[in-house]
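Each residue of the sequence shown is one higher than the last, beginning at 3 in our numbering. All C-beta atoms, glycine included, are put in the ideal place defined by N, C-alpha and C. First up is the structure itself, then whatever we jot down about it.
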Amino acid sequence: MLRERTKERQTESRRRRKKKNKNKNKKNKNKNENNKRKTKNKKKKEEEVVDRLKRKFRGREKEQEVEQMAGRVTIEKIDWGKRKRQTQRER
């Protein structure tokens, strides 16, 4: 009688643990997929900015200079966003 109860309790707890882990795995999987998508979109946006600048300054002789400018602009944009977030936190 006592053995049966303990066995039942063990199986119950095992089931609960299994279910909990399954849900946790599902949640983490979704998180990973979302993060991948976000980084992919961010890279795409940066590339678009660079392309736009290259088109704008196509007449210039030095392509390297244009690329540097494009790189600077993308970096500035990202830094600006971070700065903005920091100031909001301080308030």
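**Report entry** Straight-line gap, residue 58 to residue 40 (C-alpha atoms, nearest Å)
**Finding:** Computed Cα separation, rounded: 27 Å.
Query raised in the report: In angstroms, rounded to a whole number, what distance separates the CA positions of residue 2 and residue 17?
Result: Beyond the ends of the chain as shown, which are 3 and 93, falls residue 2; an answer cannot be given.
**Report entry** Same chain, Cβ closer than 6 Å to residue 42, neighbours up to 5 away in sequence not counted
**Finding:** Cβ within range, chain order: n/a, list empty.
Query raised in the report: Taking the alpha-carbon positions, what's the residue 37 to residue 29 distance?
Result: Residue 37 and residue 29: Cα-Cα distance of roughly 12 Å.
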